[in-house]
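Numbering (my numbering), first residue to last: 2 to 263.
All C-beta atoms in this analysis are idealised placements derived from N, C-alpha and C, irrespective of residue type, glycine included.
Nothing here was measured: the structure is a model prediction, and the numbers come from that model.
To start, the structure under review is shown below, and the notes come after it.
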Amino acid sequence: MSETTTGQGLPAAPEQDEVLMVGDWHGRTAWMEKVLRAAFRSGHKLLVHVGDLAVLWPAPNDNDKFTKILKRRLDEYQLTLIFVDGNHDVHPRLRALPRNADGFGVISDRLLYAPRGHRWSLSGVRFGALGGAYSIDRRTRKLGKGWWEGEVTTEADVRRLGRGRLDVLVTHEVPAGVDVVPQVGQLPEFIEREAYANRLLVRDAVRNTEPRLVFSGHWHQRRTALMPNMDTRVHVLNRDLFDGNVVALDLGTLAVREYPLG
């Protein structure tokens, strides 16, 4: 199991009342800038992203504009972004990142990757990370350019997260037991089967850690539901360009409120 870190090494987030929880961005620069600008104006210092951020994406001449602009805006607004990996992320590059003393993969001092199974604490709130999901659009993407080996959550990832209690679990996939509706219509049976297998693993992680809250993305919709036979509430966050992409989490009470961008 990953050791729990205190978050003291986070440059802009020593003690806070609220953090922003953010859904998929898919490398969309204008939307990213809109969210960061809103966070700055509302006085927030830390954002936690549920994956499909799409940093370090392969680009001609290694000109990854999204990551460059994201780093620049984080510095400009004095913000920190912690993210887990989704399915549409470059897994080999994320796993090769150097780790800081708190166990985060470092792209910059303000842009930090939370590896699968990682735990950390913010203002006494216990967070855990469990990225990964199955790409239901894999047939339309090319391996090594649009999707990468290692995208799915594994049993080893769940074991790495361990069984210690959490307050907040950050995942990309939605745990089984929470209804979601595919936004691409009816899926072929084999894709449904593979996607659901990943959801079962996330459900196992939720049962193991009994968090108060789970934040997920992946299915491009805003939903909230209780896990069956548990006191865990799951918040599914919408994708870029849509309402419900961002919510605010109160670290004192664990209350969640919508965060409209206007």
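Please list the terminal residues of the continuous beta strand (DSSP E) segment that includes residue i.
i	result
PHE216	214-217
Does DSSP classify residue i as helix, strand or coil?
i	result
THR225	strand
PRO15	The predicted position of PRO15 is uncertain, since its pLDDT is 45 and thus under 50; no value can be drawn from it.
ARG29	coil
ILE83	strand
GLU259	strand
HIS92	helix
ARG100	strand
PHE243	coil
ASP63	helix
GLY253	coil
MET2	Since pLDDT at MET2 reaches only 49, below the 50 mark, its modelled position is unreliable, and no value is offered.
VAL179	coil
List the residues that DSSP assigns as beta-bridge partners of residue i.
i	result
HIS119	Answer is none; HIS119 lacks a bridge partner.
MET22	VAL49 and VAL248
THR172	LEU131
SER109	LEU112
TRP148	LEU144
VAL237	SER217 and ARG224
ARG204	DSSP lists no partner for ARG204.
VAL1	Outside the modelled stretch of the chain, which goes from 2 to 263, sits residue 1, for which no answer is possible.
Which one of the options has the shortest CA to CA distance from residue i?
i	options	result
GLU19	TRP26, SER124, ASN230 and ASP244	SER124
GLY178	MET33, ARG161, TRP58 and ARG200	ARG200
ASN209	ARG223, ALA249, VAL248 and ARG160	ARG160
ALA256	VAL85, VAL126, LEU98 and ARG140	VAL126
LEU131	ARG74, HIS219 and ASP110	HIS219
LEU95	VAL56, ASN239 and ASP138	VAL56
TYR114	ASP103, VAL85 and ASN101	VAL85
HIS173	ALA206, SER217 and ASP158	SER217
LYS69	ASN246, ARG166, ALA226 and MET33	MET33
TRP58	GLU77, HIS92, SER43 and LEU80	HIS92
ASP158	GLN79, ALA134, VAL107 and LEU48	ALA134
ARG74	LEU37, PRO99 and GLY145	LEU37
Excluding the 5 residues flanking residue i on each side, which residues of the same chain have their C-beta closer than 6 Å to its C-beta?
i	result
ARG29	ASP241
ASP251	GLU19
ARG234	LEU214 and LEU227
GLY151	HIS92
Between residue i and the ligand ATP, is the CB less than 7 Å from at least one heavy atom?
i	result
LEU37	With respect to small molecules bound, the structure shown includes none, and the ligand ATP cannot be examined in it.
Along the chain, where does the alpha helix (DSSP H) containing residue i start, and where does it finish?
i	result
ALA157	156-162
Which same chain residues, not among the five before or five after residue i, have their C-beta less than 7 Å away from its C-beta?
i	result
ALA13	Note that ALA13 has pLDDT 43, beneath the 50 cutoff, so the model's placement of it is unreliable and the number below is only indicative. Cβ within range, chain order: LYS46, LEU47, GLN79, LEU80, THR81 and ARG111.
PHE243	none
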